[in-house]
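Residue numbers (this note's numbering): 6 to 313.
In this text, a Cβ means the ideal position worked out from N, Cα and C, and glycines have one as well.
Because the structure is a prediction, the values reported are computed rather than measured.
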Amino acid sequence: MTSTLRKIYHVAAFSWYAYIVKSLADRGGQKLPPGIFVYGGPWKYLTFLNLLLQMLFFGLAAVNDLQPHPDSMLKRCKDFLFSVFVFPVGMFVVLLFWSIFAYDRELVYPATIDTFFPPWINHAMHTFVFPVLFGELLMQPHMYPRTKHALAALTVVGVSYLFWIIWVFLSTGIWVYPLLGLFSTPGLVGFFIFNMSVVTLLYMLGEKLNHHVWSKKLATSKVPYGHSVLICGCYLRLRDISPNCRVYKWEEMKKNRLCRLPSLSRSPTPTDVNRHTGALMRKCLRRRGCYIKKGHNVCIVIQQSAKL
C-alpha cells in the first residue's frame, strides 16, 4: 500500500509541475509587461528554475519507483538531488517570496503581472511547493550526503545563479527582481550572503526532519534503512540514518583494523561479528570520514551471497 501510494504521489507531483511549466510556456507568446521575459526569458527567474528542478526530481522519483533494485545509482542521484537542491531551494523560494511580497509586492511580483498570470498560477509557483515537499518527506526516507559535499554543491550552484543575474543586469540594465536595485554594492553582497545562509539552514532543517520522521521506524524495521551489511567475507557496507556510504573489501577492513574480527577459515557468523565489533569499529570509521550519529549503534546484518 505504501509503495503504491508513493508511486501515485510521484506521478501526480510530476504531472502537476509539468502542467504548471506548460501553462507558463503557453503565456510566453502573450504581450507581457516590459522587462518580464526580456533577455533570458523565464530562465533568469529562480521561481521558474525551481519549478523545473521540482519537475525533474519527481520525474526521476517516478522512474526510480519502477527500479527493482532498492539501492540503484538512480536512487542515490534522486536522494542527492532532493536533499541538496530540491528541498532547500524549494523552501527558500516559498519563504523569500512571501516575506518580500508581504512587505511590498512591487519589489518581487508587481501587480501588473496579475493580468497575465492569474492568482492560482502564483500560488502554484510560490505556495503549493511547500506542502508537496513535506509530502515527499513523509513518503520515504532520503539519503543525505556529507555536509561539506552538500554545502560545496549548494555554493557552486548559488554562485552560478548570482553570476547569471548579474550578467542579465549588465546586458539589459534591468535587475531580475526590482528589490535588487535598492541595494548598494556592499548591500548586494550582504544580501546574497544572507540568502546563502538561509539556504544552508534549510538544508540542515531538511536533514533534521528526515531523521526525525524516519529514525524510529527505521531503527525497528526488519532490515533498517540505516544499516551495515556484511556479505560473508566480501564487502561491508556502512550507513547510518543520514548515511554516507562507504564500501570496503573485507580484507581491507581487517588490514586497516576497522574491525577486530580474527582470521577465520569459514565465513563469519552473526555471533562472530557481534562479539568482535563495537566501539573501536565505530571510532575507526568516524576517523575515516564515515559519520555515524551519536547514540545510534551500528547494526550488523549477515547476508548470504551467491557471488562469493
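- Excluding five sequence positions before and after A66, the CB atoms of its chain that fall closer than 7 Å to its own CB belong to H15 and K83, given in chain order.
- Going by DSSP, I13 is part of the alpha helix (DSSP H) stretching over T7 to D31.
- When secondary structure is reduced to three states using DSSP, Q72 falls in the coil class, being assigned neither helix nor strand.
- Our two residues, A30 and P115, have alpha carbons roughly 20 Å apart in a direct line.
- The beta carbon of R32 sits closer than 8 Å to those of F121 and F122, all from its chain and outside the five residues before and after it, given in chain order.
- Closest in alpha carbon position to L58, among M96, P73, M78 and Y44, is M96.
- Looking at W21, G140, V194 and F53, the one whose alpha-carbon comes closest to that of F92 is G140.
- G211 and R151 have their C-alpha atoms roughly 14 Å apart.
- Judged by beta-carbon spacing, I25 lies beyond the 8 Å limit of L51, meaning their Cβ atoms are not closer than that value.
- Ranking G45, T177 and R81 by CA distance to the CA of P146 puts R81 first.
- Taking 8 Å as the cut-off, the beta carbon of F188 is found closer than this to the beta carbon of F196.
- Straight-line measurement puts the Cα of H217 at about 44 Å from the Cα of I179.
- W169 and T177 have their alpha carbons spaced roughly 12 Å apart.
- A distance below 8 Å separates the beta carbons of K49 and V173.
- If the five residues before and after L79 are omitted, its C-beta is found closer than 8 Å to the C-beta atoms of L65, V68, N69 and Q72, all from its own chain and listed in chain order.
- When secondary structure is reduced to three states using DSSP, T52 falls in the helix class.
- If you draw a straight line from the Cα of L54 to the Cα of S88, it is about 17 Å long.
- Around the beta carbon of V99, 16 or more other beta carbons sit within 10 angstroms, so the residue counts as buried.
- Taking L112 as the centre and dropping the five residues before and after it, the same chain places the C-beta of I105, P183 and L184 closer than 6 Å to its C-beta, in chain order.
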